[in-house]
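Engineer:
Number of protein chains: 2
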Amino acid sequence: MGAESKSEQAYRLIRSRIDSGQYVPGYRLVLAPIAAELKMSVVPVREAIRRLEAEQLVTFERNVGAQVALIKETEYLHTMQTLALVEGSATGLAAPDITADQIKRARAVNDRMRETLTGAFDPQHFTALNLEFHSVLFEACPNPHILDLVHRGWNRMNVLRNSSFSFVPARATESVDEHEQLLQLIERRATPLEIELAARAHRTGTLDAVLAYTEEHHHHQHHMEETA
Amino acid sequence: MGAESKSEQAYRLIRSRIDSGQYVPGYRLVLAPIAAELKMSVVPVREAIRRLEAEQLVTFERNVGAQVALIKETEYLHTMQTLALVEGSATGLAAPDITADQIKRARAVNDRMRETLTGAFDPQHFTALNLEFHSVLFEACPNPHILDLVHRGWNRMNVLRNSSFSFVPARATESVDEHEQLLQLIERRATPLEIELAARAHRTGTLDAVLAYTEEHHHHQHHMEETA
DNA sequence: AGCAATAAGATCGTATACGATTTCAAATAC
DNA sequence: GTATTTGAAATCGTATACGATCTTATTGCT
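Quick mapping for you: the protein sequence lines, in order, are chains F and U. Just so we're aligned, residue 321 is where the first sequence starts under my numbering, counting upward by one. Just so we're aligned, residue 321 is where the second sequence starts under my numbering, counting upward by one.
Written out as structure tokens, the structure reads:
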């Protein structure tokens, strides 16, 4: 019958709501109501939540319950740093296997990104294209562990919903240029380390831009307050 | 009462048995017997197993059950590569905060490692000291995400029980020397990137030594066969 | 003998039930 | 008025029960 188990359904639902921002950080995940909504018992829901806990998307306290993980102000920094590290590596490791056709596809995406720079800038859309661009370059990474870490990093960024470019749209222009440079490095078969460090610097550049912005605006956001 | 929940107990037990090698890769984890042994119902055991699944220590198939994750021949390669990446980064990020006292402690550990090189070589013991040495250098890493990845990497290596040095004892001597070089880099406050790449190369060196060994010995181990 | 259908056993998946723990507010004491 | 106690409500933790699914051995057919 149902190709997927109920705990799987529950996992997907909660996960999608966290990803979409419907469940904001701090939101309490109470078993019974969720189970009722999904017309199932609490057992599968409980399992789903524990799984999300293992993925650090929710925090859990014994006999108290779960809530969507709170985001500390340093979280963005750490996540971006980690993503810079693993994405850089994945891009470097994948580079030797990148085909001319893939370069072409990536360049096409980057062209679309460049187009979005004129007129009203849509950070959400730009970020989506950004993922598409980088995906072409790192998906060929032969090390599945590193690739998995890259995916987790992007997911985490998505949850932080810090779309980066919504804070520093100016960075988008630089970003597009750096993409082209990265493509040229790969085309001319630079060493993996060179490509890795370029990809890392590219992401670190975005991080620095955001940090400079928040610094300037004294945007101390401490903890993101919880919302019932 | 019990400071830890039953599912926590179950998790620890199974985890320790996997770590210790009592549950070898492929071993089937059947709920009922484990629950009986721990004098609890299957529910907490089930939760523990799902948690281990999320950590990729066990694989799980719907309506079939769980087994300790099988190890493919490339697994060692990928794990070491990933560990080289994250440990290198952690070491580089921690380096600026390393104190003279910590350097001293690390050097003391390395001296003990050097001593073990004379006489009968004990790979297990050497690896334990190796972890102790590197721990001093990376635990100060300010990025908890990266630090967590380092810990996971070491754990995974432990499960692979591939103690590296048991295959290539010759590498141990080089390793001790590279440790000293690494300490000197940190002492003279080399740049984080320089230290990162040195730490990475150090681990990659061990990996290469093992690969060369297995290549030479045509040690095609395909999958590690399951053991009931 | 070889293959397919079938039945039996093993094991998982989930519902229900209830005791245990925490939280919070109201009542009481000082 | 503040602090402490008490008790009820909310919520979790786990046991038990049973249906669902997969595996394997058995039977029967060709």
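Even for Gly, the Cβ is constructed at its ideal location relative to N, Cα and C.
According to a CB-to-CB cut-off of less than 7 Å, which residues of the segment 350-384 of chain F neighbour chain U?
Structural biologist: For the segment 350-384 of chain F, which is checked against every Cβ of chain U, the residues closer than 7 Å are GLU367, ARG370, ARG371, ALA374, GLU375, ARG382.
Engineer: Identify the contact partners of PRO464 (chain U) in chain F, using a Cβ-Cβ distance below 8 Å as the criterion.
Structural biologist: Those are HIS398, listed as they occur along chain F.
Engineer: Looking at the C-beta of SER325 (chain U), does it have a partner C-beta in chain F at a distance below 8 Å?
Structural biologist: Taking Cβ atoms only, chain F reaches closer than 8 Å to SER325 (chain U), which makes this a yes.
Engineer: What in chain U is Cβ-close to SER409 (chain F), meaning under 7 Å?
Structural biologist: Correct list: LEU405.
Engineer: Please report the residue range of the beta strand (DSSP E) in which PHE380 (chain U) lies.
Structural biologist: Start and end: 378-381.
Engineer: Exposed or buried, ALA440 (chain U), counting other C-beta atoms within 10 Å across all chains shown (16 or more means buried)?
Structural biologist: Exposed, by the Cβ-count rule.
Engineer: Which stretch, first to last residue, makes up the alpha helix (DSSP H) that contains ALA448 (chain F)?
Structural biologist: That run of the alpha helix (DSSP H) goes 443-458.
Engineer: Does any C-beta atom of chain U lie closer than 8 Å to the C-beta of GLN401 (chain F)?
Structural biologist: Yes, GLN401 (chain F) lies at the interface with chain U (some Cβ there is under 8 Å from its Cβ).
Engineer: Evaluate contact between the segment 511-525 of chain U and the segment 405-419 of chain U, counting only Cβ atoms and requiring at least three cross-stretch pairs below 8 Å.
Structural biologist: With a cut-off of 8 Å, the segment 405-419 of chain U and the segment 511-525 of chain U count as touching, because enough Cβ pairs lie within range.
Engineer: Under the rule that 16 or more other beta-carbon atoms within 10 Å means buried, what is ASN383 (chain F), buried or exposed?
Structural biologist: So ASN383 (chain F) counts as exposed.
Engineer: By the 10 Å Cβ neighbour count, where 16 or more other Cβ atoms means buried, how is HIS537 (chain F) classified, buried or exposed?
Structural biologist: Classification for HIS537 (chain F): exposed.
Engineer: Measure the CB-CB distance between HIS522 (chain U) and GLU498 (chain U) and report whether it falls below 8 Å.
Structural biologist: A contact, by the Cβ cut-off of 8 Å.
Engineer: Hey, would you say ALA492 (chain U) sits closer than 8 Å to LEU437 (chain U), going by beta carbons?
Structural biologist: A contact, by the Cβ cut-off of 8 Å.
Engineer: Counting only the same chain and skipping the five closest in sequence on each side, list residues whose C-beta sits under 6 Å from that of ASP528 (chain F).
Structural biologist: Correct list: empty, nothing qualifies.
Engineer: I'd like to check one pair, ALA355 (chain F) with VAL365 (chain F): are the Cβ atoms closer than 8 Å?
Structural biologist: Cβ distance < 8 Å, so VAL365 (chain F) and ALA355 (chain F) count as in contact.
Engineer: Can you list, in chain order, the residues of its chain with a C-beta nearer than 8 Å to that of ARG425 (chain U)? Leave out the 5 residues immediately preceding and following it.
Structural biologist: Closer than 8 Å at the Cβ level, and outside the excluded window around ARG425 (chain U), lie VAL456.
Engineer: Please name the residue, chosen from U:GLN376, U:ARG370, U:LEU333, that lies closest to ARG472 (chain U) on a Cα-to-Cα basis.
Structural biologist: The residue with the shortest Cα to Cα distance from ARG472 (chain U) is U:GLN376.
Engineer: Taking the DSSP output, what are the residues bridged to ARG348 (chain U)?
Structural biologist: Answer by DSSP bridge pairing, in chain order: U:GLN387.
Engineer: Which class does ILE506 (chain U) belong to by DSSP, given the choice of helix, strand or coil?
Structural biologist: Residue state, collapsed to three classes: helix.
Engineer: Tell me whether PRO345 (chain U) is buried or exposed, calling it buried when 16 or more other Cβ atoms sit within 10 Å of its Cβ.
Structural biologist: Buried, by the Cβ-count rule.
Engineer: Does DSSP put HIS539 (chain U) in a helix, a strand or coil?
Structural biologist: Its pLDDT being 49, under 50, HIS539 (chain U) is placed unreliably by the model, and nothing is read from it.
Engineer: So PRO551 (chain F) and PRO512 (chain F) are supposed to be a Cβ contact under 8 Å. How far apart are they, rounded?
Structural biologist: Residue 551 (chain F) lies beyond the stretch modelled for chain F, which goes from 321 to 548, so this question has no answer here.
Engineer: In terms of alpha-carbon separation, which member of U:TYR396, U:PHE453, U:ASP431, U:LYS392 lies closest to GLN422 (chain U)?
Structural biologist: Closest by alpha carbon: U:PHE453.
Engineer: Determine the burial state of THR399 (chain F): buried for a count of at least 16 other Cβ atoms within 10 Å of its Cβ, exposed for fewer.
Structural biologist: Answer is buried; the Cβ neighbour count reaches 16.
Engineer: Starting from the C-beta of GLY385 (chain U), find all residues in its chain whose C-beta is less than 8 Å away, skip the five residues before and the five after it, and write them out in chain order.
Structural biologist: Closer than 8 Å at Cβ, skipping near neighbours: ARG348, LEU349, VAL350, LEU351.
Engineer: Using 10 angstroms around the beta-carbon of ILE338 (chain F), count the other beta-carbons present and answer buried if the total reaches 16, otherwise exposed.
Structural biologist: The residue in question, ILE338 (chain F), is buried, as its Cβ has 16 or more Cβ neighbours within 10 Å.
Engineer: Is it the case that the Cβ atoms of GLU407 (chain F) and VAL470 (chain F) are separated by a distance below 8 Å?
Structural biologist: Closer than 8 Å, so yes.
Engineer: Nearest CA to the CA of LYS392 (chain U): which residue from F:ASN463, F:PHE446, F:SER484?
Structural biologist: Of the candidates F:ASN463, F:PHE446, F:SER484, the one whose C-alpha sits nearest the C-alpha of LYS392 (chain U) is F:ASN463.
Engineer: Can you list, in chain order, the residues of its chain whose CB lies under 6 Å from that of GLU367 (chain F), leaving out five sequence neighbours each side?
Structural biologist: Here the set comprises SER327.
Engineer: Please report the Cβ distance between THR402 (chain F) and HIS465 (chain U), rounded to the nearest whole angstrom; I am assuming they are in contact, meaning their Cβ atoms lie under 8 Å.
Structural biologist: So it is a contact: roughly 4 Å between Cβ atoms.
Engineer: Quick one: grab the DSSP three-state call for GLN342 (chain U).
Structural biologist: Residue state, collapsed to three classes: coil.
Engineer: Which residues in the same chain as GLN329 (chain U) place their Cβ atom closer than 7 Å to its Cβ, once the five residues preceding and following it in sequence are excluded?
Structural biologist: Only LEU358 meet the Cβ criterion.
Engineer: What three-state label does DSSP hand ILE466 (chain F) in the structure shown?
Structural biologist: DSSP places ILE466 (chain F) in helix when its eight states are reduced to three.
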